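Trainee: Residue numbers (my numbering), protein chains in the order written: chain L, 4 to 277; chain B, 158 to 324; chain X, 26 to 809.
Dropping a structure here in structure tokens format, bear with me for questions.
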Amino acid sequence: MTYHRPTCLDDAVALLQCAPVEVIAGGTDWYPARGDRPVTSDILDITRVDGLRGIRAAPDGWWIGAATTWTDILRAPLPPDFDALKAAACEVGSIQIQNAGTVAGNLCNASPAADGVPPLLVLEAEVELASATGQRRLPLAAFLTGVRQTALQPGEMMAGLWIRKPAPGRAAFVKLGARRYLVISIAMVAVWLRLDGSLIAEIRIAVGACSPTSVRLTALEAALTGCRVADCATRFHADHFVPLAPITDMRADAPYRADAVQALIARAITEAAL
Amino acid sequence: MTIEINNQPYDLPDDARISLLDFMRERLELFGSKKGCNQGACGACTVLVDGERILSCLALAAQYDGRSVTTIEGVANGDELHPLQALFVENEGMQCGYCTPGQIMSGIALKSELERGAPSNVSADLTVAPRMSRDEIKERLSGNLCRCGAHNGIIDAVAAYVGGEEQ
Amino acid sequence: MTNIKPNSSSHKSDPNRRQVLAGSAAVAAIGAFGLPVGAQTTAAPAASGAFASLGVPHIRRDGAEKARGGAKFAAEYSYPGMVYGALVYSTIARGTITSLETAEAEAAPGVVLVMTHENAPRLERPEPFYSSPTGMAGSSTPVMQDAEVLWNGQPVAVVLASTQEEADHAATLINVAYEEAEAVTSFDVAAESAQTSFYAGRDLLIEEGDAETALADAEVSIDLSFNTPAHNHNQIEPHAVTVLWQDGILRMHDCSQGVDLSAITIAKVFGISPAEVHLSAEYVGGGFGGKTVWQYHILAAAASQLADRPVRMSLTREGVFRICGARAPTRQRVALGSDREGRLTSLIHTGTTMKIENNSMTEPFFEQSEHMYRADNMHLEIRAGTMDMLANTFMRAPGAATGTFTLEVALDELAERLAIDPIELRVRNEPEVNPTTGRAHSQRALVDAYREGARRFGWIPRSGQRQGYREGEWQVGTGMAAAYYPYKRFPGGAARITLNGEGGALIETAAADMGMGTTTATAAVASERLGIPYDAIEVRHGDNTLPGALIAAASQQTAAIGASLTAAHEVLLAELASLVPATSPLHGLPAAELGTAEGALYSLADPQQQIPLVDLVALSESGTVSAEAQGGPISEWTQDWSMHSTGAVFTEVRVNSVTGEIRVPRITAIYDCGKILNSKLAESQFRGGIIMALGMTLMEGASFDERNGRVMNPSFGSYYMPTHLDVPHIDVGWTDIPDPQAPTGARGIGEIGMSGPAAAIANAIYDATGKRARDLPIRLDALM
């Protein structure tokens, strides 16, 4: 087993051609993901690749490099649109994990309960995938294809995330767990919205831990557009929640999850509109 | 490939599978950092890397080539305990002592994070420097589990160390 | 956990008995500890200044070493040529191993040995608790002796390699094939054939009068059922041992709660003498009942013998869940009948729990119901079913942890039905003598604890109406419950006292300190007993070559040490008497007429007549004076008295009406546990139990997959315990009334904190929401 630590992206993607290689950044999931399986592949550490760590503001949006940690997100001067992402940054494991773990790693793991996904879905983030043959961009929703499954092809790695500059809005993230810290969500919700006085001019709502991958509730978003913030909860209808498929497990049963999601959405809207 | 631990340089191991925690414990006999869960859920292995706390059980030692690590063995001044170590003893911030090194390393990091003004999940506003409170300390130490139940003493010790606490 | 059979010939108390004993020599001896009763009867110089030790909040002696990271735990001893162990666990609940492919593992880099049942040395079955006075193992299941698999997670192979990484890697290369047999992995199925069980030398069945008829006839009655899951100790230090065979001695650095019993149990497995095992555990990273003898000890020692190499065996966290036992699940019924005034006419506490074929540990969840309240008729009974699972075992407050939850929730419900304040209901049923044995209480001030707790908490008395209120989304309520844990003292305690020429003393005892502060408390007790300054006392512990066979279990170790020190002190007085020069007025006085205080030997009859201890030590040939003795008979609790600790726990709970989230912002608990030896350490012990109980109430439980008998959450990421943010500041207090029958006046404090909070929280949740939770943990969805 070899440990590769390239300093430029070209070298990194070249190494991906020589299978099998596992890409790590913070590396915080590498050991837990081993389980009982023997180590068979080389490791490609991308943390020293030039330009992959940090957040850059461009005229039309922001770039979050694949080696950017949760703590980097938390400390970056970002507009209120990113408040949901920052709130999620505080909830990813412990501060010790936030200091090492990366946003990109959270997405590549593709856990149904990944804290980073709902806030990035409401920001309509796109992922940039790099390979020896070039780069491509995918909407985050298309990148996450199932439980622990992504659209990453052999030879590809995530280089970073693009977030297009929206009309200035605000965001909130709420998470429900069986204890107050270090929890895997029973359910979580991210909301981004733009107000016109007391009316909702535009809203995006994403729910995590209630379906194989986190999802946007576009029907609900449509129903709430133009609605007064205070009236939102009265517009909820069972049809709006069809994309969700909550399960019963040792933390909570499915009907509770379904109810809790609605309460969390109402709470997140209120919080974002404050 | 070298790593600095408590101001001493060490060659990194050839076997890249080795975690920073195992490297310190099994190769260097630096047993102060503890292995509680070995999967990032208890905080007993907390160390500082260039002043920031991480979990050494989740870190591949090789990742930290060229970096400077501080462990519990590196915070006292010879025989004189670090102020937070002394506060843990005075405030009965421990029972069995197994989670203690991690709690103390987190407490030390926590103070500098607060001084830098980094918000946390219990901070009312994520965009301004947090106000010191017991909840703020608890939140920031919650990645360090204790099973004996010394929580009250631990928070007392860290609150006294951080200072400026509102009850 | 030794085999003690309480005297079954109970006697109703003689009202004069206590008075008679209060003036007896037995009580006078305790006077030297500064206890009120005895102090009045002795003429010993009063302890003061440097000599005052009991009740002083000394900081823990091992604190600085632990804070430095310098305390050495079991996996932190190294030897030349040492290799690392890794285990392979079975993946079926019951059956036979049909093939083991180990060639690839044996050829893997660094591998020194692969051990399976095919090449393991022949070993005796370990002696489990209660099978002999020294049994310390979780079960008598043979350790890698045949192809039979008895639980999902049983070790089926051991790999030794030069590094942990190599051992772990090679373990993944072993292929095991099984022929599965039908396994019982369902509670319901096992419950069908559950039998009235047996625990600690007695049947778990108590019947007084006709409880069912009394229940049916009662003016007011309730009949409730409850479920509690399996719980894991989850000490932050995973179980580990470092082993080597050297010069005919099996040397083990362990994390044991009872070094002597562990050594004896392991010696018997290997067919060697206990003297050929040297087992030490100076620091133990949490115990809670789980740091006993499990298969890893034996596998490490056997593999070390086979490979002729020192071995370090550190269990992974998952390994701890797979092979070190946990608290068993229970299904309980509590039915109470009373008259309109709340006097209990019927108390029924029955139910079912699970154990395995190869142990006799039945979770004794009715014990508090036996001792806490008077009732005209009682039926207490525990049935145990047998499942194919990892051995269940002791965990902090066995029985009482879940038993007080069910009983105390039931009392709350009864109080509501009767429109009587819950405290008042309990006071009305406070027994004058032990309700089942009829023995007099050695000391009991539970009513004082209720009153003091109510005052400090700000308890609002209620009569059938909830007091809960709403604050925005949050529903706020308060609740209370009683706490209970028995006093015990096991035989086998011993200590050696050695006086040195500098006025100090060395205390040696094979006791364990898993963090309770044993060495600190022992030094204080010895200081008070000997009249030697606290700082001049050195304590050595945690090594089976030291005197005694003590075990840190059942909250009794401090009592056992106290009795041992008392006995050793008596021998020491005789040694000192023999050194008194002929010119001294003390010459010729028998030991019984001598005492030690303020660094001197003195005459009890004439305390002014003294000789400094250093002068006497100087006269000895060796330059030290040493005395060793075993603690006296344990009849104080097995025959003579009803000795039980109690307490009152109050909580405030906030329940979110939208999400069902539960917060516990406030807890007050007042305990009646006899004398408190060190307030700082005691506070921490009480809080520790309360916090573990908070976890049990709101989040803890091992999820057992009944399809295959496998624990589904064998990690800290999936088995939740309280974090700092879940834990409020906890207000604790105590009556601090010495128990005249306990060796140091103290009854033990390690476990009682675990009993009471679950019911107090559940009762507060009801007060807040109007919903009764009868299953643990109380999940968010239970309240929606």
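Ideal Cβ positions, reconstructed from N, Cα and C, are used throughout, including at glycine.
Nothing here was measured: the structure is a model prediction, and the numbers come from that model.
1. In terms of residue numbering, what span does the beta strand (DSSP E) encompassing X/M505 cover?
2. Candidates L/E224, L/C11, L/S217: which alpha carbon is nearest L/G149's?
3. Is any beta-carbon of chain X found at less than 9 Å from that of B/N234?
4. First and last residue of the beta strand (DSSP E) that includes L/F176?
5. State yes or no: is the C-beta of X/A593 within less than 9 Å of the C-beta of X/A537?
6. Using only the alpha-carbon positions, how far apart do L/E129 and B/S225 sit?
7. My output table needs one value for X/S246: the three-state DSSP class, helix, strand or coil.
8. Mind listing the chain X neighbours of B/R174? Cutoff is C-beta to C-beta under 7 Å, in chain order.
9. Quick one: is X/G63 near chain L, going by C-beta distance under 9 Å?
10. What is the rounded straight-line gap between the Cα of X/L801 and the Cα of B/P240?
11. Could you give the DSSP three-state label for X/E126: helix, strand or coil?
12. Is B/K295 helix, strand or coil when you go by DSSP?
13. Please name the residue or residues paired with B/L205 in a DSSP beta bridge.
14. List the residues of chain D whose Cβ lies closer than 7 Å to the Cβ of L/L227, in chain order.
15. According to DSSP, which residues form a beta bridge with X/M403?
16. Using 10 angstroms around the beta-carbon of X/M820, count the other beta-carbons present and answer buried if the total reaches 16, otherwise exposed.
17. Cβ closer than 8 Å: which chain L residues qualify as neighbours of B/Q220?
18. Do you know how far the Cα of L/A107 is from the Cα of L/G137?
19. Note down, in chain order, each residue of its chain lying with its Cβ closer than 8 Å to the Cβ of B/E230, except the 5 sequence neighbours on either side.
20. Give, in chain order, every residue of the region 239-255 of chain B whose Cβ lies closer than 7 Å to some Cβ of chain X.
21. Check X/W319 in the structure and name its three-state DSSP category.
22. I want to see whether chain L comes within less than 9 Å of B/G197, judged by CB atoms only; does it?
23. Using a threshold of 9 Å, state whether the C-beta atoms of X/P572 and X/T534 are closer than that.
24. Using only the alpha-carbon positions, how far apart do X/A530 and X/I557 sit?
25. Give me the DSSP bridge partner(s) of X/H466.
26. From the DSSP secondary-structure annotation, give me the bridge partner or partners of L/R167.
27. Among L/L277, L/A103, L/G57, L/S97, which has the Cα closest to the Cα of L/L81?
28. Is X/T341 close to chain B? Criterion is C-beta to C-beta, closer than 9 Å.
29. Using Cβ-Cβ distances below 7 Å, what residues of the region 291-324 of chain X are close to chain B?
30. Measuring straight from C-alpha to C-alpha, what distance separates X/T121 and X/E204?
31. So which of X/N383, X/H374, X/Q468 has the shortest CA-CA distance to X/L427?
32. Note down, one range per segment and in chain order, each beta strand (DSSP E) of at least 3 residues found wholly within the region 594-649 of chain X.
33. Can you find a C-beta in chain B that's less than 9 Å from the C-beta of L/A117?
34. Cutting at 7 Å between CB atoms, please list the residues of its own chain near X/Q65, excluding the five before and the five after it.
35. Indicate whether at least one CB of chain B lies closer than 9 Å to the CB of L/S97.
36. Please classify X/T570: does DSSP put it in a helix, a strand, or coil?
Mentor: For this structure:
1. The residue given as residue 505 of chain X occupies position 480 in the third sequence. Residues 499-511.
2. To locate residue 149 of chain L, count along the first sequence from 1; it is residue 146. It is L/S217.
3. For the purposes of this step, residue 234 of chain B is identified with residue 77 of the second sequence, where counting begins at 1. Chain X, which has no Cβ nearer than 9 Å to the Cβ of B/N234, makes this no.
4. Translated into the one-based positions of the first sequence, residue 176 of chain L becomes position 173. Its beta strand (DSSP E) spans residues 173-179.
5. Within the third sequence, numbered from 1, the residue matching residue 593 of chain X stands at position 568. Within the third sequence, numbered from 1, the residue matching residue 537 of chain X stands at position 512. Taking 9 Å as the Cβ cut-off, X/A593 and X/A537 do not qualify as a contacting pair.
6. As a working mapping, residue 129 of chain L is identified with position 126 in the first sequence. As a working mapping, residue 225 of chain B is identified with position 68 in the second sequence. Those two C-alpha atoms are separated by around 35 Å.
7. Position 221 of the third sequence, counting from 1, holds the residue named residue 246 of chain X. It is a strand residue.
8. Taking the first residue of the second sequence as position 1, residue 174 of chain B is located at position 17. Near B/R174 (Cβ distances below 7 Å), the residues of chain X are E190.
9. Locating residue 63 of chain X in the third sequence gives position 38, where the first residue counts as 1. In this prediction, X/G63 scores a pLDDT of 29, lower than 50, which makes its location untrustworthy; the coordinate-derived value is nonetheless stated afterwards. With 9 Å as the cut-off, X/G63 does not count as an interface residue toward chain L.
10. Residue mapping note: residue 801 of chain X aligns to position 776 of the third sequence, counting from 1. Residue mapping note: residue 240 of chain B aligns to position 83 of the second sequence, counting from 1. Each residue's Cα considered, the two are about 41 Å apart.
11. Looking up residue 126 of chain X in the third sequence gives position 101. Strand at X/E126.
12. What you label residue 295 of chain B is simply residue 138 of the second sequence in a count that begins at 1. Three-state result, B/K295: helix.
13. Taking the second sequence and counting its residues from 1, the one referred to as residue 205 of chain B is at position 48. Per DSSP, B/R210, B/T227.
14. Looking for chain D here will not work: the only protein chains present are L, B and X.
15. Here residue 403 of chain X refers to the residue found at position 378 of the third sequence. Looking at the DSSP assignment, X/M403 forms a beta bridge with X/E233, X/L372.
16. The shown model of chain X, from 26 to 809, leaves out residue 820 of chain X, and the question about it has no answer.
17. As a first step, residue 220 of chain B must be located in the second sequence, where it is residue number 63. What B/Q220 touches in chain L: I27, G30, D48, T50.
18. Counted from its first residue, the first sequence places residue 137 of chain L at position 134. Counted from its first residue, the first sequence places residue 107 of chain L at position 104. Rounded to whole angstroms, L/G137 to L/A107 spans 19 Å at the Cα level.
19. Position 73 of the second sequence, counted from the first residue, corresponds to residue 230 of chain B. Same-chain partners within the cutoff: N163, L187, G189.
20. Result list: Q242, F245, V246, E247, E249, M251, Q252, C253, G254, Y255.
21. Here residue 319 of chain X corresponds to residue number 294 of the third sequence, with the count starting at 1. Coil, per DSSP.
22. Position 40 of the second sequence, counted from the start, is the residue given in the question as residue 197 of chain B. Chain L contact via Cβ: present.
23. The sequence position of residue 572 of chain X within the third sequence is 547, counting from 1. The sequence position of residue 534 of chain X within the third sequence is 509, counting from 1. Between X/P572 and X/T534, the CB-CB gap stays under 9 Å.
24. For the purposes of this step, residue 530 of chain X is taken as the residue at position 505 of the third sequence. For the purposes of this step, residue 557 of chain X is taken as the residue at position 532 of the third sequence. Rounded to the nearest angstrom, the two C-alpha atoms are 8 Å apart.
25. Taking the third sequence and counting its residues from 1, one reaches residue 466 of chain X at position 441. In DSSP, X/H466 forms a bridge with X/S667.
26. Stepping through the first sequence from its first residue, residue 167 of chain L is reached at position 164. Paired residues: L/G64.
27. Translated into the one-based positions of the first sequence, residue 81 of chain L becomes position 78. Nearest option by C-alpha distance: L/G57.
28. If you number the third sequence from 1, residue 341 of chain X lands on position 316. Judged by the 9 Å Cβ criterion, X/T341 is in contact with chain B.
29. If the cut-off is 7 Å between Cβ atoms, the region 291-324 of chain X has Y308, V309, G310, G311 near chain B.
30. Residue 121 of chain X sits at position 96 when you count from the first residue of the third sequence. Residue 204 of chain X sits at position 179 when you count from the first residue of the third sequence. Computed Cα separation, rounded: 5 Å.
31. Numbered from 1 along the third sequence, position 402 holds the residue referred to as residue 427 of chain X. Before going on, a small fix: residue 427 of chain X reads as Thr here, not Leu. Checked all of X/N383, X/H374, X/Q468; the closest Cα to X/T427 is X/H374.
32. 619-622, 625-628, 635-637
33. On the first sequence, residue 117 of chain L is found 114 positions in, with the first residue counted as 1. So no, L/A117 is outside the interface.
34. Translated into the one-based positions of the third sequence, residue 65 of chain X becomes position 40. Reliability of the predicted coordinates at X/Q65 is poor, the pLDDT of 31 falling under 50, and the value obtained from them is presented with this limitation in mind. Excluding the 5 residues flanking it on each side, X/Q65 has no same chain C-beta neighbour closer than 7 Å.
35. On the first sequence, position 94 is the one that residue 97 of chain L refers to. Using beta-carbon distances, L/S97 counts as an interface residue toward chain B, with a partner under 9 Å.
36. What you label residue 570 of chain X is simply residue 545 of the third sequence in a count that begins at 1. It is coil, neither helix nor strand.
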